[in-house]
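Here the protein sequences come in this chain order: A and B. Under UniProt numbering, read the first sequence as residues 1 to 340, first letter to last. Under UniProt numbering, read the second sequence as residues 1 to 340, first letter to last.
There are 2 protein chains.
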Amino acid sequence: MREILDIQKQLMPDLMDIMKKRYSILQHILVSGVVGRRTLASSLDMTERVLRGEVDFLKELGLLESDASGMKISESGRQLLEDMQPIIKMAFGLTDLEDSIAKAFHLTNVIIVPGDSDTSIFTKKELGRAGAAALRKYVSKDDIIAVTGGSTMAQIANNLAISSSMKGSWFVPARGGLGESVDMQANTIASIMAKKTGGKYRLLHVPDHLGEEAYQSLIQDPQIQEVVNAVRSCRIVVHGIGDAMVMARRRKVDSETTSSLRGDGALAEALGYYFDRQGNVVHKMPTVGLRLEDLQRVEVVIGVAGGKSKGEAIASVLRHGQEDVLVTDEAAALEIMKHV
Amino acid sequence: MREILDIQKQLMPDLMDIMKKRYSILQHILVSGVVGRRTLASSLDMTERVLRGEVDFLKELGLLESDASGMKISESGRQLLEDMQPIIKMAFGLTDLEDSIAKAFHLTNVIIVPGDSDTSIFTKKELGRAGAAALRKYVSKDDIIAVTGGSTMAQIANNLAISSSMKGSWFVPARGGLGESVDMQANTIASIMAKKTGGKYRLLHVPDHLGEEAYQSLIQDPQIQEVVNAVRSCRIVVHGIGDAMVMARRRKVDSETTSSLRGDGALAEALGYYFDRQGNVVHKMPTVGLRLEDLQRVEVVIGVAGGKSKGEAIASVLRHGQEDVLVTDEAAALEIMKHV
DNA sequence: ATACCCGGGACATAAAACGTCCTACAATGG
DNA sequence: CCATTGTAGGACGTTTTATGTCCCGGGTAT
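Here it is, written out as structure tokens:
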């Protein structure tokens, strides 16, 4: 049932907008009884002429009638409106959630896919598709795009396709080695994305668990420096968000640091930084690349994460306030709303 | 499930066309493997430029990829196409039926609503809605519209609404008294339609079972003559189609005529004429108004009838070859196709 | 009677769609 | 190896559509 709308959305992204527009016109006319064009236009926040176009169309379809005293809904229009109620609720329930989250955390765009990535592999794939679509929407020619690792990011990479708008783009890992397994590393993701889209890539080969001395000499290396500079001048960042403890375990962080994290109330992880409930940074991984302060200069920061278990973590990162776009799933979104 | 598509068809018929267009483009690309714009355009019967617009759009959406050697479908495009299969079939299965019937009987337009009017009152209402929509589509200012009686026609009248394009129209009964009950009479239907649309009407008051002498003097009456002339100069005819025997019974035709009808193989009735399987007229009701030969001059003849039981009758009338537009239901349409 | 709001006509303008042609490039077949 | 064919994509003038902005005659309520 909902599936059918999701499929149609893929083929005609503006379908929902048109549907909602026409529905709300009819809805307003229904509740108003008889109403005039100008009155209706201002109450719907449309220009008169645009409304007129729609109204003429709806009249063609026999969904509303008009005479010199104004417009009113026809019988078939009323019936249609009634039949549409459940569809509208289904279709725009998530839209309302998106708007709420966007407003609560001052984001420019929120995309929610139905389901729960924790329990459904399909939802996870869908999250990847939506993430890829979001990236495609914001990218422009010759952009530098910094990406992180993780299974969600891997899904996004999976769903990217060759595209002329990304042909000149550079994909780079946002940060160096973070101790992830190879196929989930930022380096891997960046190269896959580049291959899929026809773009180019540069990698940051920074071994994990480097001593301080070796680390210092490494970051002096001109090659490394060049990539790091590219990363810090990126226009777009796409990153995953994780639960702090889960990430610490996955990255085999030593027990001392782990207990320190726990003590500081670390909840979330993103871009190698650990955040507490209030969105404060309580720890950062020792590696090179994009620093949190660089984000202010980055034009588009896209966070992608889903699953009920990650809801609280996502809320923490959002509270830190550097995100522009969030791509998540329904289950996580509902959790996020509990923490506003 | 199908409901949602029907609703969308009502609210955004234009989007459904777009959906079909984009689907068939993807479909063609899928089966062609790699194909070029010009080749595809001719095989889809589109101009190159229009196809190009769509293709650019689909590329934006990541549903297809293109390089110098041609276009091919992307993985998400292939997946989408698969997911859409049932939706397209549900949404446009009837469209294919419509085309087949239109072609078989040389009609300019066929409209099929889902369901079976025999068993579902909802389908019957839907048939009325579709009939009203068809009439609205063909009517222009100050037309004379001749209508017949019957329950289906009554449903059409029900679904008409006030409309500026019909304000100057005249509604007239196609033929005089045919022995139907009052609320299903052509006279009644014509007056209801006029009231609903804001149009005007003239009636033909011809009592049933009139003697030959009285009949002759009646049709000499100037008032009657005037209406009859109006009827015969109508631009649009909307009529029902019935099963011959059912109609004979309903009109209380005497037993002699009934058995003669049976002997002649009368199958269908329309406009007071009885037709056999081949579409030949085998009997006509003795009354005034539109004659079958007048139909040739009528610009738009719209036949409206549904229900599995009427399928064969509809096919008979269609075979007579005077129809331009047919509005029917799925069950009848399937029966009709058995008689091509 | 009057003041107001109505739908709908009109028109200039901005924007989108479209038809048409061209160019550089890849593949294919001799 | 080259000619031929088919490809995407750029360019540009034209047509169609969408939109903003008025205005007018006609109902309606006060």
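We put the CB at the ideal spot given by N, CA and C, even for glycine.
Just reading off the beta strand (DSSP E) that residue i is part of, what are its end residues?
i: residue 328 of chain B; result: 325-329
i: residue 303 of chain A; result: 300-304
i: residue 317 of chain B; result: From DSSP, residue 317 of chain B is part of no beta strand (DSSP E) but of the alpha helix (DSSP H) over 311-320.
i: residue 146 of chain B; result: 144-147
i: residue 111 of chain A; result: 109-113
i: residue 173 of chain B; result: 170-173
Alpha helix (DSSP H) containing residue i: first to last residue?
i: residue 269 of chain A; result: No alpha helix (DSSP H) contains residue 269 of chain A, which is instead part of the beta strand (DSSP E) from 266-270.
i: residue 4 of chain B; result: 2-11
i: residue 156 of chain B; result: 151-158
i: residue 192 of chain A; result: 186-197
i: residue 131 of chain B; result: 121-138
So residue i and residue j are supposed to be a Cβ contact under 8 Å. How far apart are they, rounded?
i: residue 16 of chain A; j: residue 91 of chain A; result: 6 Å
i: residue 113 of chain A; j: residue 146 of chain A; result: Actually they do not touch by this definition, with Cβ atoms about 23 Å apart.
i: residue 322 of chain A; j: residue 340 of chain A; result: At roughly 17 Å, the Cβ-Cβ gap does not stay under 8 Å, so residue 322 of chain A and residue 340 of chain A are not in contact.
i: residue 268 of chain A; j: residue 244 of chain A; result: 6 Å
i: residue 31 of chain A; j: residue 70 of chain A; result: Not confirmed; about 14 Å, so no contact.
i: residue 151 of chain A; j: residue 184 of chain A; result: 6 Å
i: residue 1 of chain B; j: residue 46 of chain A; result: Incorrect: roughly 32 Å between the Cβ atoms, too far for contact.
i: residue 211 of chain B; j: residue 186 of chain B; result: At roughly 22 Å, the Cβ-Cβ gap does not stay under 8 Å, so residue 211 of chain B and residue 186 of chain B are not in contact.
i: residue 327 of chain B; j: residue 111 of chain B; result: 5 Å
Cβ closer than 9 Å: which chain B residues qualify as neighbours of residue i?
i: residue 19 of chain A; result: 8, 11, 12, 15
i: residue 219 of chain A; result: Here the premise fails: no neighbours, minimum Cβ distance about 37 Å.
i: residue 120 of chain A; result: Ordered by position in chain B, no residue passes the 9 Å Cβ test against residue 120 of chain A, which lies about 16 Å from the chain.
i: residue 65 of chain A; result: 161, 162, 163
Is the beta carbon of residue j closer than 8 Å to that of residue i?
i: residue 166 of chain B; j: residue 197 of chain B; result: yes
i: residue 50 of chain A; j: residue 176 of chain A; result: no
i: residue 158 of chain B; j: residue 128 of chain B; result: yes
i: residue 307 of chain A; j: residue 270 of chain A; result: no
i: residue 135 of chain B; j: residue 238 of chain B; result: yes
i: residue 250 of chain A; j: residue 180 of chain A; result: yes
i: residue 161 of chain A; j: residue 100 of chain B; result: no
i: residue 295 of chain A; j: residue 282 of chain A; result: no
i: residue 19 of chain B; j: residue 22 of chain A; result: no
i: residue 204 of chain B; j: residue 224 of chain B; result: yes
i: residue 25 of chain B; j: residue 61 of chain B; result: no
i: residue 94 of chain A; j: residue 7 of chain B; result: no
i: residue 330 of chain A; j: residue 115 of chain A; result: yes
i: residue 315 of chain B; j: residue 336 of chain B; result: yes
i: residue 107 of chain A; j: residue 324 of chain A; result: yes
i: residue 28 of chain A; j: residue 43 of chain A; result: yes
i: residue 141 of chain B; j: residue 168 of chain B; result: yes
i: residue 278 of chain A; j: residue 235 of chain A; result: no
i: residue 345 of chain B; j: residue 265 of chain B; result: No statement about residue 345 of chain B is possible, as the shown extent of chain B runs from 1 to 340 and does not include it.
Which residues in chain B sit within 7 Å of residue i, going by Cβ to Cβ distance?
i: residue 136 of chain A; result: 62
i: residue 159 of chain A; result: 76
Counting only Cβ pairs nearer than 8 Å, list the residues of chain B close to residue i.
i: residue 83 of chain A; result: 3, 7
For a contact defined as C-beta to C-beta under 8 Å, what are the partners of residue i on chain A?
i: residue 335 of chain B; result: The contacting residues do not exist; residue 335 of chain B stays about 27 Å from chain A at best.
i: residue 22 of chain B; result: 11, 12
i: residue 353 of chain B; result: A question about residue 353 of chain B goes unanswered here, because the residues of chain B that appear run from 1 up to 340.
Against residue i, what residues of chain A qualify as contacts under a CB-to-CB distance less than 9 Å, listed in chain order?
i: residue 132 of chain B; result: 62, 76
For a contact meaning CB atoms closer than 7 Å, what does residue i contact in chain A?
i: residue 87 of chain B; result: 4, 7
i: residue 129 of chain B; result: 76
- Message: Report the start-end ranges of each alpha helix (DSSP H) in the UniProt domain "CggR N-terminal DNA binding" (18-87) of chain B that is 4 residues or longer and not cut off at the edges.
- Response: For the UniProt domain "CggR N-terminal DNA binding" (18-87) of chain B, the continuous alpha helix (DSSP H) assignments of 4+ residues that do not extend past its boundaries occur at 37-44, 48-60, in sequence order.
| request: Taking only runs that begin and end inside the region 217-287 of chain B, name each unbroken alpha helix (DSSP H) of 4 or more residues, in chain order. | output: 222-232, 244-250, 255-263
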